[in-house]
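Letter by letter, the sequence shown follows residues 57 to 126 in the working numbering. Every residue gets a Cβ at the ideal spot worked out from N, C-alpha and C, and that includes glycine.
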Amino acid sequence: MPAITLKSSATDDQIKQVKDNITSSGGSIKSDFELVKGFTAEVPDGMVGTLSSHDLIENVEEDANVSTQR
57 MPAITLKSSA TDDQIKQVKD NITSSGGSIK SDFELVKGFT AEVPDGMVGT LSSHDLIENV
117 EEDANVSTQR
């Protein structure tokens, strides 16, 4: 489930359009961020690349395993 961060210049209407695009493509919004403009979402396969190249999107960070060295 990627974390999607939008540019600080994105308006509420533009953020809604991005979210609507995700849901109309079969994805779902899971949670909204409070400190930055963004959210987490389940997106269909192949949509991460499309989102990454969107003008309003600053960053798309996919889930990854994190480990520590011992």
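Rounded C-beta distance between residue i and residue j? I'm assuming under 8 Å.
| i | j | result |
| --- | --- | --- |
| Leu107 | Ala66 | That belief does not hold up - the Cβ atoms of Leu107 and Ala66 are roughly 13 Å apart, past 8 Å. |
| Thr96 | Ala120 | The Cβ separation is near 14 Å, so there is no contact. |
| Lys86 | Met57 | 6 Å |
| Ile71 | Val99 | Ile71 to Val99, Cβ: 15 Å. No contact. |
| Val104 | Val116 | 6 Å |
Let's test the definition: count the other Cβ atoms within 10 Å of the Cβ of residue i and tell me whether it reaches 16, buried, or not, exposed.
| i | result |
| --- | --- |
| Gly102 | exposed |
| Leu91 | exposed |
Return the CA-CA distance between residue i and residue j, expressed in angstroms with no decimal places.
| i | j | result |
| --- | --- | --- |
| Phe89 | Thr124 | 26 Å |
| Glu114 | Gly94 | 9 Å |
| Lys63 | Gln73 | 14 Å |
| Ser109 | Ser80 | 18 Å |
#### Entry: 4 or more residues per run - each alpha helix (DSSP H) lying fully within the segment 67-116
68-80 and 103-108
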